[in-house]
């Protein structure tokens, strides 16, 4: 399944544990009849133009000038966060709750991921028959089954669990653990399949069972990558835990939402700074593990991870009995029976299609905005500057990127809704701002890892810095930049639902309207439409990325 | 007496507290073909780096094409570099760009910024680039993507880049170290093509003694950051070579 493959690829690439697909070494000539890069570029320009037109750019008034003072107040409050003892205590509790969701959600996703990864790996299902490897039917079935949880955003899972469990700590854990578990399973399967097969086959030849052979020959090899990936997922889980808070699971997201409703910008900034600090801590540890994943650090991470899991469990003290209790089962069966058969929204197929198209357009505009800003920032934000001034500028740029990705997309959307009239545009700009933080960091890492020698060779021939940059650094990073932008587009298409939920447009807004009206058959249809949008975007993105190779 | 193109006097280069060059002296005259030979880590690459201005001397005097490089400003350094062509062992070409852009890389030093940038969209200097490629035998590859060429063809692109630069001094850092003997001879032939009729000076670092004696006028033996010997090619004996490459107990 292309969809599942690409979603997990993205996260593995972001985590830096699988090689990029746009490397120079593996370039191929485009196949005859295969759309070339020019055609893709033309299609992209046309799609973006169409999205802008649909969003009303140049056709109607988009900016609400009355909202500027509110935006000014918000940014002005950045320098005066609320620091009262009461609010700091509330913030601490909220931070612990959100962190605990993230830690337990990640733990659940790793558990699901390891078991699921084994069961969806080719290595597990492969058997030799007359010299040729053949995959058992089980592999196809397990892959197909593991695809669905990934296609649905964790916020949608969150809405589902809130509906049947109310404000229970397990909502956050399950909403993160299930979709992330499916993504981790795909990455684990790839790690297992990429590990050398020789030792595994050798053990199997001595009569060892599949599980034993995996435990002895494969898991010791992939352990460092797996731990490193788990920490990367923790970073993602933190962001998701905040979004889940906004839709009702509690923690920092809930406080952020409350502060926003009360226009308490000082409080919002206190929460944002805490978010930045927590994200930076997870980010720093994760990236140090990826760069220097020594056995000592891996052991320390395993120990620290276990302590975090135990601490989070004790803090949240979730009631597992309630998870399987009669009330939950009753609500689940009520919702299931009332959701089936799925039904079209009030506007019929047209409404559903409009929502789907708007979702794709939002994601497209978002990623164009994010990539443009990220490309401009990446070369400034990259580490490795030799002068103090250069390092200071790079540090500032990295801090801006950190803040933009620490503020969750729904909060960005609410902020942009101050100054932009409702519709796809505020949603797109919000998603763009958030993805700018993520893409900027990824692209800065590309620049940091760039081979400096071609540019140095040109400078040695007398080329000025700008020319050396234009002829060496820029073309060497362009393919990887485009590839990352396409990967992020796939994620943005899924994320579009969370900005829609706060009223920014697309299928997310439809879903929220249906939820408010307890229209479960309609919600089921919208969720299926979200999965179709996700699969379609993945397929288009995968085809475009192939043309980059 | 021909002009002195390169003059290194008592040059010391220190990396992380370890000397790469330790009182290095060298004079190279216009039109000469000089081979630097010596074991790995002897200081050959550092000596070439001094000549292109990509390495700064810790102490000593460095003069290239009549300009003192110690204390030279960025623009003075750039002015010297325009006249110095460098061929690296790893070529350092830009894979995703077309051949024409890589060849034009040799002219970026003399082009204005606007010309350099507009040439990326609409390649300038097509005739010169094609002519340079023709001289190295791959004129038909002008618009190919560079990373789709074979290793040998890429080597020719690197030489064409130096050809369009039309430098007075050419530095070649181990251009044949990873090649089989036939390919090594071919590359040296091409280098000869670039260094036409003594109007240009060549300094090349080599491991192959026989090749150095056959292709160059002078051989400078380098060992432990110093000049071990500096003789006309005809006077260099096998014994000198063996002594240069001996491994100290």
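Chains as they are written, first to last, in my numbering: chain A, 8 to 556; chain B, 1153 to 1401.
Just so it is clear, CB atoms sit at the ideal spot from N, CA and C, and this is done for glycine as well.
Just so you know, these numbers come straight off a predicted model, no measurement behind them.
- Along the segment 1264-1291 of chain B, the positions whose C-beta sits under 7 Å from a C-beta of chain A are 1265, 1268, 1269 and 1272, read in chain order.
- Residues of the segment 477-498 of chain A with a C-beta atom less than 7 Å from some C-beta of chain B are 477, 478, 479, 482, 483, 485 and 486, listed in chain order.
- CA-CA distance, residue 44 of chain A to residue 555 of chain A, rounds to 7 Å.
- Rounded to the nearest whole angstrom, the C-alpha separation of residue 1302 of chain B and residue 86 of chain A is 58 Å.
- Taken atom to atom, the span from the alpha-carbon of residue 1203 of chain B to that of residue 420 of chain A is near 57 Å.
- When the Cα atoms are used, residue 75 of chain A and residue 283 of chain A turn out to be separated by approximately 25 Å.
- Taken in chain order, the unbroken stretches of alpha helix (DSSP H) that lie wholly in the segment 421-457 of chain A and span 4 residues or more are 431-455.
- The alpha carbon of residue 422 of chain A has as its nearest neighbour, out of A/53, A/51 and A/70, the alpha carbon of A/70.
- Relative to residue 514 of chain A, the option among A/385, A/62, A/366 and A/258 whose CA is nearest is A/366.
- Taking the Cα positions, residue 1243 of chain B is about 42 Å away from residue 306 of chain A.
- DSSP places residue 244 of chain A in the uninterrupted alpha helix (DSSP H) bounded by 226-251.
- Within chain A, no C-beta atom comes less than 9 Å from the C-beta of residue 1352 of chain B; the nearest is roughly 15 Å away.
- DSSP, reduced to helix, strand and coil, places residue 1211 of chain B within a strand of the structure shown.
- As a beta-bridge residue in DSSP terms, residue 1375 of chain B pairs with B/1378.
- Nearest to residue 80 of chain A by alpha-carbon distance, out of A/547, A/450, A/426 and A/452, is A/426.
- Contact of residue 1240 of chain B with chain A is assigned, a C-beta pair being separated by under 8 Å.
- In this structure, the beta-carbon distance from residue 372 of chain A to residue 62 of chain A falls below 8 Å.
- Under the three-state reduction of DSSP output, residue 1206 of chain B falls in the coil class, being neither helix nor strand.
- Within chain A, no residue has its CB atom less than 9 Å from the CB of residue 1327 of chain B, the nearest being about 13 Å off.
- DSSP, read as helix, strand or coil, puts residue 1322 of chain B in strand.
- Note on geometry: alpha-carbon atoms of residue 235 of chain A and residue 289 of chain A lie some 11 Å from one another.
- Counting C-beta pairs with one atom in each stretch, the segment 184-203 of chain A and the segment 237-251 of chain A have three or more that are closer than 8 Å, which means they touch.
- Residue environment analysis places residue 482 of chain A among the buried positions, since at least 16 neighbouring C-beta atoms fall within 10 angstroms of its C-beta.
- Contact between the segment 465-474 of chain A and the segment 1242-1261 of chain B is present, with at least three C-beta pairs closer than 8 Å.
- Beta-carbon to beta-carbon, residue 545 of chain A and residue 497 of chain A are separated by about 5 Å, close enough to satisfy the 8 Å threshold.
- In the DSSP assignment, residue 80 of chain A falls within the alpha helix (DSSP H) that extends over 75-83.
- Among the CB atoms of chain B, one or more fall inside 8 Å of the CB of residue 463 of chain A.
- Under the three-state reduction of DSSP output, residue 1159 of chain B falls in the strand class.
- Between residue 1367 of chain B and chain A, the shortest Cβ-Cβ separation is not below 8 Å.
- Within 10 angstroms of the beta-carbon of residue 459 of chain A lie fewer than 16 other beta-carbons, which makes it exposed.
- DSSP places residue 1357 of chain B in the strand class (E or B) of the three-state scheme.
- Chain-order list of chain B residues neighbouring residue 528 of chain A: empty, with the shortest C-beta distance near 51 Å, by a criterion of under 7 Å.
- At a cut-off of 8 Å between C-beta atoms, residue 474 of chain A counts as an interface residue with respect to chain B.
- Per DSSP, the continuous beta strand (DSSP E) segment holding residue 1175 of chain B begins and ends at 1170-1181.
- Excluding sequence positions up to five before and after residue 335 of chain A, its CB lies within less than 7 Å of the CB of 171, 172 and 329, all in the same chain and listed in chain order.
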